[in-house]
Amino acid sequence: MFLGIPYTQPPVGDLRLRVPQSINASFGTIDATAYGPHCWDSFTTGFDDNSGFPNSEDCLTLNVIRPSGISSSSTPIPVNFWIHGGGLIMGGSSDFRYNATGLVQASVDNGNPIIFVSIKYRLGSLGWLGGKAMADDGSLNLGLRDQRLALHWVQENIAQFGGDPTRVTVQGQSVSLPRSAGGSSISAHIVAYGGRDDKLFNQAIIESGTEIDPWGIPTSPEYQATYDSLIANTSCSSTANSSESVQLACLRALPIDEFRMVSNGTTDLLLDNDMLTLKSALASFEQGEWVRVAFLVGSNTDEGRTLAPLGANTTAQASAFLASTIPPVENRNAILELYPDVPEIGCPFNTGAFQLAPLQNGMFGTPGTQNKRVQAIVGDVVMDAPPRYLAQKVSSEVPFFKYRWNHIPYSVSFSVEDYIGHFTEVSYVFNLQNNDTEFWINNHFTATYLGPTAPIEDRFLGVYLSRSWAAFAATGDPNNANVTTKLQWPKYSDSPSDMVWRSQGSTIELDNYREEGISYIINNFFLSFYQ
3 MFLGIPYTQP PVGDLRLRVP QSINASFGTI DATAYGPHCW DSFTTGFDDN SGFPNSEDCL
63 TLNVIRPSGI SSSSTPIPVN FWIHGGGLIM GGSSDFRYNA TGLVQASVDN GNPIIFVSIK
123 YRLGSLGWLG GKAMADDGSL NLGLRDQRLA LHWVQENIAQ FGGDPTRVTV QGQSVSLPRS
183 AGGSSISAHI VAYGGRDDKL FNQAIIESGT EIDPWGIPTS PEYQATYDSL IANTSCSSTA
243 NSSESVQLAC LRALPIDEFR MVSNGTTDLL LDNDMLTLKS ALASFEQGEW VRVAFLVGSN
303 TDEGRTLAPL GANTTAQASA FLASTIPPVE NRNAILELYP DVPEIGCPFN TGAFQLAPLQ
363 NGMFGTPGTQ NKRVQAIVGD VVMDAPPRYL AQKVSSEVPF FKYRWNHIPY SVSFSVEDYI
423 GHFTEVSYVF NLQNNDTEFW INNHFTATYL GPTAPIEDRF LGVYLSRSWA AFAATGDPNN
483 ANVTTKLQWP KYSDSPSDMV WRSQGSTIEL DNYREEGISY IINNFFLSFY Q
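If you use our numbering, the sequence shown corresponds to residues 3 to 533, in order.
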């Protein structure tokens, strides 16, 4: 493993809030035996604040994990490039949940080894600050530009580690309201610069989230308030009536603690008239402005449980909760008709009439008799309709494999409730067979235990899933996983189907669950915004 390798000049001092700068001189010998610090997250998120991880502005590093025996003199092997999730406000590649040694070993075991690269990128207002001054300075979407520069680093340097720069799979996880994340970042790179193919990657794995939605990519003025707050509530307030250049110079000189005390979690990908020029990724796909890559895309069965507001007891309250997700009242009323107040068909699915209580600290809201209805709608709008739209749109042009994660993860202490929520597949993707720790944030379970005492079914599922992901990265076909199963995962163009992952026997299903509701969301909600 080679850890903590800088891929850009440190974004500190006058380089804060600027486009990342390529390294223009040798660093000499680098100690690559330890992960670099996480990038500062948003101080006021109220979530985990990267607890337990060192933080720094000098954080733009990457990690290279390669199989034993691979070197620059070996036959080059494919590369898997990981962009972590976390809503663009938290997270980092040194998180033990992203330990890729198990995934790389899975690639070796299936006979198609890969090299794994993971990165850190700027978060919160340090990486995604909007406002007119930032737009005029050409400094929007800094975190996305960090990711892009890291992809260029791979093109220039991965051969020295035994990697093949012509075979790069980008992999990302998560989209979350109202912010984007790893999966959305992958979508953004696919449509960046009008779909220009810079030969940075040729395949994509998108877990639980694309940037395909009806709301579109926001413009910088929509985030002016965050910029104004930074100026007004720091010692930069004295520059309120000064030029933009003076204000930005002040923000770049602020002590980091003062900057972070005021910056908050309101951040997102932004239209910048450069990387991102169309009003939505959906518009890019509709207009054919996207890089032709092979896809592996899917979501988890009960994503809506994690995303939706709770506490609705009437249809009127449900409509009010959905107002920000489905703005036009006509669409909202029609969708509510298609998702009736019948708990037995709500989310979490297949749980009967049982009404789930909020988690221990109430972080997912309050009880409500129509919670399952709202959660089903939000999950389909945000997580299930986008990959189905994408599969239907592009599978005639490029290989497309679609999945649904339908496994409740094993946990030695997870007794709050049983549902197949956001992030629950990640431990299996990374095949954390040596993990003897569970990961909780605010009493919310986020990573499963796959250690030696875990059920054999869970451990096999970790092997199967990780080998399939690795096989796709290496060969373009997840069926080359070399496991003891006869199950054949079809391309979507051959059969519009999902691979349904579960420990008690994975299976193939037609991609037609909740067909009427999801079709309405795509045709009358998503596409109506584009048109």
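Think of the CB as a built atom: it goes at the ideal place given N, C-alpha and C, for glycine as much as any other residue.
Keep in mind it's a predicted model, so treat the numbers as computed, not measured.
- Remark: three or more beta-carbon pairs, one from each stretch, lie closer than 8 Å, so the region 183-193 and the region 86-98 are flagged as touching.
- Contact between the region 254-266 and the region 365-385 is absent: fewer than three C-beta pairs spanning the two stretches fall below 8 Å.
- Contact holds between the region 341-360 and the region 369-386, because three or more Cβ pairs, one in each stretch, are under 8 Å apart.
- Approximately 16 Å separates the beta-carbon atoms of A242 and A255; this is outside 8 Å, ruling out the contact.
- Contact annotation: W471 and I207 have beta-carbon atoms nearer than 8 Å.
- DSSP lists V172, F297 as the beta-bridge partner residues of A206.
- Per DSSP, reduced to three states, the secondary structure at Y405 is strand.
- Only buried fits L272, as 16 or more other CB atoms lie within 10 angstroms of its CB.
- Around the C-beta of I337, 16 or more other C-beta atoms lie within 10 Å, and the residue is accordingly described as buried.
- Its chain contains G6 as the residues whose beta carbon lies nearer than 8 Å to that of D33, once the 5 sequence neighbours on both sides are disregarded; these appear in chain order.
- Counting only residues of its own chain and dropping the five nearest sequence neighbours on each side, D60 has a CB closer than 6 Å to the CB of P12, V14.
- DSSP places G218 outside any beta strand (DSSP E), giving it a letter other than H or E.
- For a cut-off of 8 Å, the C-beta gap from Q173 to F83 is around 7 Å, short enough to register as a contact.
- DSSP places H191 within a helical segment (H, G or I) once states are collapsed to three.
- In this model, V293 and N315 are separated by some 45 Å (Cα to Cα).
- Burial check for R124: the Cβ neighbour count within 10 Å reaches 16 or more, so the residue is buried.
- If you look at S499, you'll find it isn't in any alpha helix (DSSP H); it sits in the beta strand (DSSP E) that goes 499-503.
- Under the criterion of beta carbons closer than 8 Å, V485 and R504 do not qualify as touching, at roughly 15 Å.
- Boundaries of the alpha helix (DSSP H) around N335: 331-340.
- Assignment of D166 by DSSP, reduced to helix, strand and coil, places it in the strand class.
- Between A483 and Y466 a beta carbon distance of about 7 Å is seen, short of the 8 Å cut, so the two are scored as contacting.
- In the assembly as shown, N302 is a buried residue. Its beta-carbon has 16 or more other beta-carbons within 10 Å.
- Taking the Cα of G478 as reference, the smallest distance to any Cα among L278, N204, D139 is reached at N204.
- CA-CA distance, D513 to E213, rounds to 20 Å.
- Taking a contact as a CB-CB distance under 8 Å, the pair L232 and S141 does not count as one, their CB atoms being some 13 Å apart.
- Cβ-Cβ separation between P80 and T171: approximately 7 Å, consistent with a contact (criterion under 8 Å).
- In this model, L452 and C238 are separated by some 49 Å (Cα to Cα).
- Excluding residues up to 5 positions away in sequence, Y9, L64, I121 lie with their Cβ nearer than 7 Å to the Cβ of A152 in the same chain.
- In this structure, the CA atom of L340 is about 6 Å from the CA atom of G519.
- Boundaries of the beta strand (DSSP E) harbouring P80: 79-85, taken from the DSSP string.
- Put simply, the backbone Cα of I67 is about 21 Å away from that of E427.
- Distance from the CA atom of P56 to the CA atom of D43, rounded to whole angstroms, is 11 Å.
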